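What follows is a set of notes on a single structure, which appears directly below.
Residue numbers (the numbering used here), protein chains in the order written: chain A, 413 to 748; chain B, 413 to 748; chain C, 413 to 748; chain D, 413 to 748.
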């Protein structure tokens, strides 16, 4: 299903080349001021405007508030936000409809939905759906800032590696030189984490966060704290010594989560983004008409490295999850 | 919360040193034969009996069916299975109650539950809770075998690395020599995967699977297909070329999932298990009584490498998730 | 929360005098043809156009499909439908803002949402939100008709009593004469019910249906089969004798549901609708400004009897619930 | 499914003549003292011990706490409670297996679960499952008493009519004289209701309460406040005039709920219980073996009027629902 969350719930809808993409946010407390301008920075970050390696498709991406806002303030009822699709060139997709693009959902969507799926630009599978998620993230970040006790929870994600290079320019240049696309690694860090969010088992912070992070297109792996490297360590090395009654630990191999519950140290996790499936390089795939494999190259406007646009999406989903945890922890009441 | 699943739902309960641990399985179709003996192999695998590096605590682990079974057959109603805790030595834990063990949930549990938590042996946080999950996994695996169309879905997980070594004996010996604990990497592969399970966004196969996998104690990372290595590849390299109308791909970098949906190729993922937190080595932690950090060593019976016991748990949660997906895909009806 | 359903899920949003009201339908199978004209009849029924006793506020109520429809066909992805609010006269509500209207949610909304609620025309509480539900009902009815096995499930609701009178004209005239509003009783009947929908306890047909029916504004009671009258009967009188292997019963006091599960006889239930809260009669209420109770009369355009507009809403929610049950019963697959 | 609740969730399991019936309560705050003796009064009320018109089957009904309790106190983790079935006479049911009992779930269960259901004593459909619900109700009532602000929420239900008679003795005698069973009406009243619980639409107090109330076996109707009688009133008569800033209303036709939200006045609702399906009178039903209808009479030990045992169950589910609403309203934190 296309919704997620227990007390702070988002539902996404829309298609890349349909009328719009959008999101409904249910469970947002009343009384939060909403100003369209506050959304622009994060929406620009998602577009990767003027950034080398991002798609030339440029949408204005102005959030249109259709419900749940009154007098520029949240009402406590569902907030529905639309983004119109204007800059659409569907003919690119119609032309190559015969060939399911490798790495894309074309083939599985066709199998699952019997050809009724909107295939244009990936339809509902398109990363354009993350526009709504970023908008919900802006609201979630504002809520995190309203938590009373001087504890301004801060969520920050950044690209730490592109195409295997920590020097991002270098990694990107590799792609440009190879006329191919590249992947990357994102790291996210949450500071001023409250103690006690999450639960053992299915509502562990790792469980709930990974669920939403793997819903971001192109994510192939998620690791918390030391992550996969932990598997190579000794226990005495990996364990974080508790220093004092605040729970502060000397090291933070756990990435701020023990037993599924936040321990007040920074929450740290990383995720792997695969190289953009739409590469300018020549590829092979099945041609449905002929029933045979053939060589082709992808048309359309695409990113060389979608990882560049991912940090703001990662921040958004993290903030969304934290708000839900906080509401469940009864630390956030109606904002007055 | 302690339950998970949409149409095939599990709920875990119990504590390591309480009366029992257990599980309730809701939504299991009627008509599946149930024989206690079928559970023993997987339960033994979870215990790691006679395996170098696993805890000397040995419970009999006989599943006691309290509900939902009639005439050795599932009835369609909730199945509740208990495992009694007999071989309990709680005094070990009472002695070291003053010192929250690093890497364990002692400190966070105390903060979150105000000291009311059952701390003995980790209480509800203990990996002993996975006994019920393994039992549910046996039922889920049987259900996967009942799928009609000659397609026997097979789930198999194994340890592929211990303490940084692909030679497992060597990795384990490292821990024994160092009088410390070590972590490991598990790989899981599902063969004969049906096409079309999963959805984009929040019900993607990766989202739903990672949620339950991160609920297994000690998991620190999950990756699908090529995973983190994908971030270093070019798009033309990572994309799997579709060969023919069955959806078979030449390579399987995607690990069998594209756009959140299974493409019929093997589902492949790996997870990182941290070294057992209860290491024989000396460690530092806070002493709640004195308010100061001190050096201590853990008492109790523990594994040198919990990764050794994890494969059967990974298989269990994978089978559980696949059954839920299949029921949602309306491919599994009542078993006749 | 504003969403409901397990595999066929609706989410409502919008406000009476905001930009729009709308609905998102998640889980609708792909391949269902959608034509705007098919929605008009039910939407007209909801408006009660030209019917004595219904509000003079007339909205065009054209469904605008924003997502999930491609080539006039469902795609399997969320369907979002908007209805614009055009014929809005909010000044009526601003004027009487000081006095919470008796029978309306003005007072509780103010307490719960701290004054941030959109109070105009009842805001999110308005029965105008049922426009989206009626549209979802049209889709659900179409799905019910697609069930394969020659069994065309038919849902039909009608007013059987107004203002205590079975002669509806007479009941309505009572209200007009008294310059007051009146309530009514709706009966709903589903013919060609499949056997086996529903479950004991929380997913009983009665539980799931009553939940959604009590979400229709102004409903005060729900009863199945003989309902409250059953409490006055003997067991031998109330029990429905099973006649033959089809499950047909001689009487239908159970209203087609036994043990929470449909038995193949007609599903029958009734609900009580209170008189419209906005009556032309003079009433007393608190004046927030003065802190004292005062006499006033309601401004705005309202129905004398909302029960007249309810049958199509009752049909809609019933069809929605039945589709969800059918999907869970694996009787409906993708429509081909 | 057999679980219900958002933050305070119950899951029922077990069969009438299996090993046990039971319940798991998830989301109960830590720190609540638990004493087996506190459960006995309500469990006795459910049994209707020594009450004319209740079943001669007498179980000891001692709650056995298997999980979630430590040092006689809740831990914050799932609480699992079992009740053993000892006083079982299944041969009664085996004998009459050929004839699906009218009013019971025998026929529908057989259709839905293909004969795999545990039919003995109604199996999972039996009202014996409400034992666990009553135990959860005892815990929920204790939680309601812990709410801080001097507001001791009190839930009280009673039989107000049996067999059509307000004089309960008289109604019961009618059944005894007729050698038949009778139904009844239960009224429930909650005093000291907080303002602001519930939401419009699907989480209205009426929606959530009716869902769980219709899961109690034998309930055929639910009405709030004036209920069905409201349909015969004028609006000016039915509307409750708000008297002052506390929200107190002069009348309480709304039963304490407006727009789905509690207004601080007493929450009042009634439900209709059908006559016990197992009547001593002769009845007709299908004989599966012969394929023909025949006359028979029910064997086994049964109640003449199950309504007598229902009030404590109604109190339990009401308290359970209110605790969930309160947790969602963030009015109840961890109990210290």
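All residues carry an ideal CB built from backbone N, CA and C; glycine is no exception.
What you are looking at is a predicted structure, and each value in this text was computed from that prediction instead of being measured.
Where residue i sits in the DSSP three-state scheme
| i | result |
| --- | --- |
| residue 541 (chain B) | helix |
| residue 743 (chain B) | Bear in mind that a pLDDT of 47 at residue 743 (chain B), under 50, signals an unreliable position, so the model cannot answer this. |
| residue 748 (chain A) | Here residue 748 (chain A) scores only 37 on pLDDT, less than 50, and its place in the model is too uncertain to base an answer on. |
| residue 615 (chain A) | helix |
| residue 727 (chain C) | helix |
| residue 626 (chain B) | coil |
| residue 733 (chain C) | helix |
| residue 416 (chain B) | strand |
| residue 485 (chain B) | strand |
| residue 607 (chain B) | strand |
Residue i: first and last residue of the uninterrupted alpha helix (DSSP H) it sits in
| i | result |
| --- | --- |
| residue 449 (chain B) | 448-459 |
| residue 679 (chain A) | That residue, residue 679 (chain A), is in no alpha helix (DSSP H); its beta strand (DSSP E) goes 679-685. |
| residue 438 (chain B) | It is not in any alpha helix (DSSP H) - residue 438 (chain B) instead sits in the beta strand (DSSP E) that spans 432-438. |
| residue 520 (chain A) | 518-525 |
CB contact flag (residue i, residue j, <8 Å)
| i | j | result |
| --- | --- | --- |
| residue 684 (chain D) | residue 595 (chain D) | yes |
| residue 610 (chain B) | residue 708 (chain B) | no |
| residue 642 (chain A) | residue 582 (chain B) | no |
| residue 424 (chain A) | residue 555 (chain A) | no |
| residue 623 (chain A) | residue 593 (chain B) | no |
| residue 675 (chain C) | residue 637 (chain C) | no |
| residue 590 (chain B) | residue 728 (chain B) | no |
| residue 689 (chain C) | residue 514 (chain C) | yes |
| residue 695 (chain A) | residue 497 (chain B) | no |
| residue 440 (chain D) | residue 491 (chain D) | yes |
| residue 682 (chain D) | residue 617 (chain D) | no |
| residue 428 (chain B) | residue 535 (chain B) | yes |
| residue 586 (chain D) | residue 577 (chain D) | yes |
| residue 567 (chain D) | residue 731 (chain D) | yes |
| residue 671 (chain B) | residue 537 (chain A) | yes |
| residue 634 (chain B) | residue 634 (chain A) | yes |
| residue 430 (chain A) | residue 530 (chain A) | yes |
Range of the contiguous beta strand (DSSP E) that encloses residue i
| i | result |
| --- | --- |
| residue 478 (chain D) | 476-479 |
| residue 491 (chain C) | 491-496 |
| residue 602 (chain B) | 596-603 |
| residue 421 (chain C) | 421-426 |
| residue 635 (chain A) | 631-636 |
> What alpha helix (DSSP H) runs, 4 residues minimum, are completely inside the stretch 638-716 of chain B?
Replying inline: 647-650
> Along the stretch 421-452 of chain D, what residues have a CB closer than 8 Å to any CB found in chain B?
Replying inline: 421, 423, 424, 425, 426, 427, 430, 431, 432, 433, 434, 436, 438, 439, 442 and 443
> Which residues, in order along the stretch 675-704 of chain A, keep a beta-carbon less than 7 Å from a beta-carbon of chain D?
Replying inline: The stretch 675-704 of chain A vs chain D, Cβ under 7 Å: nothing.
> Which ranges does the alpha helix (DSSP H) cover as unbroken runs of at least 4 residues, wholly within the stretch 559-591 of chain C, from first to last along the chain?
Replying inline: 580-590
>> Any C-beta of chain C within less than 7 Å: which residues of the stretch 591-603 of chain D qualify?
In response: Against chain C - using a Cβ distance shorter than 7 Å - the residues of the stretch 591-603 of chain D are 592, 593, 594, 595, 596 and 597.
> the stretch 643-654 of chain A: which residues have C-beta closer than 7 Å to a C-beta of chain B, in chain order?
Replying inline: When C-beta distances to chain B are compared with 7 Å, the residues of the stretch 643-654 of chain A below that value are 643, 644, 645, 646, 647, 648, 650, 651, 652, 653 and 654, in chain order.
> Between the stretch 525-540 of chain B and chain A, which residues of the former have CB atoms less than 7 Å from a CB of the latter, in chain order?
Replying inline: 536 and 537
>> Along the stretch 465-492 of chain D, where does the CB come closer than 9 Å to a CB of chain B? Name the residues.
In response: 476, 477, 478, 479, 480, 481, 482, 483, 485, 486, 487, 488, 489, 490, 491 and 492
> Which of the residues in the stretch 614-627 of chain C, read from start to end, lie with their CB under 9 Å from any CB of chain D?
Replying inline: 614, 615, 616, 617, 618, 619, 620, 621, 622, 623, 624, 625, 626 and 627
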